[in-house]
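Peer 1: Line by line, the protein sequences are chains A and B. Counting with the working numbering, you get residues 7 to 121 for the letters of the first sequence. Counting with the working numbering, you get residues 184 to 291 for the letters of the second sequence. We treat Cβ as the ideally placed atom computed from N, Cα and C, and that holds for glycine. As the structure is a prediction and not an experimental result, all values here were calculated from the model. Okay, handing you the structure first.
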Amino acid sequence: DTAVSQTPKYLVTQMGNDKSIKCEQNLGHDTMYWYKQDSKKFLKIMFSYNNKELIINETVPNRFSPKSPDKAHLNLHINSLELGDSAVYFCASSQPRTGGAGELFFGEGSRLTVL
Amino acid sequence: GQQVMQIPQYQHVQEGEDFTTYCNSSTTLSNIQWYKQRPGGHPVFLIQLVKSGEVKKQKRLTFQFGEAKKNSSLHITATQTTDVGTYFCAGSARQLTFGSGTQLTVLP
């Protein structure tokens, strides 16, 4: 059983389109994240949800809208796609611990290519 | 805001050579984590260090957390081709912040 699963693995789309990526975790974790990894491998946090509540919202364009219907799911919807949105998007989950974040479990990633 | 810097960005070594990546935080950390990402894969947790001056070993990998809890290192002894990948540190203060990663290439 995959612990953190995200779909689709690959998206190829035109500029201006809207797309969604879904993520589910079966680890019972309270916190879920979206990370963006660019071509230089930088991992940048975009959003973090704890028990369906948004707790981190980094400087991300309004075109990106996360949604957490329950604590096991965190989806990412992107409107009006731009060339610079091309990247690999990773979903992750963790169980927060005293003194800091617990270990992160990452999904396999969704590679988005905007043409 | 919290910044975590990691060097070098790239490292090429001959198989059998040692490798070290360094991580420095602008703020004192409550803990530091290390991850490995194989080419085409996703980051996988390796270890977490919590105590000042802590040293942990996993086979050929040695992880250190600085006395001031602002820096850390990962040392691999006698690299193998299976060590290829990008190594990330991630420092936890208010939130978890990833370093920029070190991409390791091991030449056979």
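Is the stretch 74–82 of chain A touching the stretch 237–256 of chain B, taking contact as three or more C-beta pairs under 8 Å?
Peer 2: no
Peer 1: Can residue 21 of chain A and residue 110 of chain A be called in contact, C-beta distance under 8 Å?
Peer 2: no
Peer 1: State the Cα-Cα distance for the pair residue 85 of chain A and residue 10 of chain A, rounded to the nearest angstrom.
Peer 2: 24 Å
Peer 1: Leaving aside the five residues before and after residue 234 of chain B along the sequence, list all residues of the same chain whose C-beta is less than 8 Å from its C-beta, in chain order.
Peer 2: 248
Peer 1: Quick check on the burial criterion: 16 or more other C-beta atoms within 10 angstroms. Buried or exposed for residue 93 of chain A?
Peer 2: buried
Peer 1: As a quick exercise: from A/97, A/66, A/72, pick the residue whose alpha carbon is nearest that of residue 60 of chain A.
Peer 2: A/72
Peer 1: To the nearest whole angstrom, what separates the beta carbons of residue 43 of chain A and residue 113 of chain A, a pair I think is in contact under 8 Å?
Peer 2: Residue 43 of chain A to residue 113 of chain A, Cβ: 12 Å. No contact.
Peer 1: Could you run through the stretch 253–287 of chain B and flag, in chain order, every residue whose CB is less than 7 Å away from some CB of chain A?
Peer 2: 269, 271, 275, 278, 279, 281, 283, 284, 286
Peer 1: Quick one: list the residues of chain A neighbouring residue 228 of chain B, beta-carbon separation under 8 Å, in chain order.
Peer 2: 109, 110, 111
Peer 1: Between which two residues does the beta strand (DSSP E) carrying residue 49 of chain A extend?
Peer 2: 49–56
Peer 1: May I ask you to list, following chain order, the residues of the stretch 187–207 of chain B that have a beta carbon less than 9 Å from some beta carbon of chain A?
Peer 2: Correct list: 192.
Peer 1: How long is the line joining the alpha carbons of residue 225 of chain B and residue 96 of chain A, rounded to whole angstroms?
Peer 2: Taking the straight line joining both Cα atoms gives about 8 Å.
Peer 1: How many Å lie between residue 267 of chain B and residue 222 of chain B at the Cα?
Peer 2: 8 Å
Peer 1: With respect to the beta strand (DSSP E) encompassing residue 178 of chain B, which residues constitute its N-terminal and C-terminal limits?
Peer 2: A question about residue 178 of chain B goes unanswered here, because the residues of chain B that appear run from 184 up to 291.
Peer 1: Taking Cβ-Cβ distances shorter than 7 Å, what residues in chain A pair up with residue 216 of chain B?
Peer 2: 109
Peer 1: For residue 241 of chain B, decide whether its Cβ has a neighbour in chain A, counting only Cβ atoms nearer than 8 Å.
Peer 2: no
Peer 1: I need the straight-line Cα distance from residue 284 of chain B to residue 258 of chain B, nearest angstrom please.
Peer 2: 14 Å
Peer 1: Applying the criterion that 16 or more other CB atoms from any shown protein chain within 10 Å of the CB defines a buried residue, is residue 91 of chain A buried or exposed?
Peer 2: So residue 91 of chain A counts as buried.
Peer 1: Using the beta-carbon count (16 or more within 10 Å), is residue 15 of chain A buried or exposed?
Peer 2: exposed
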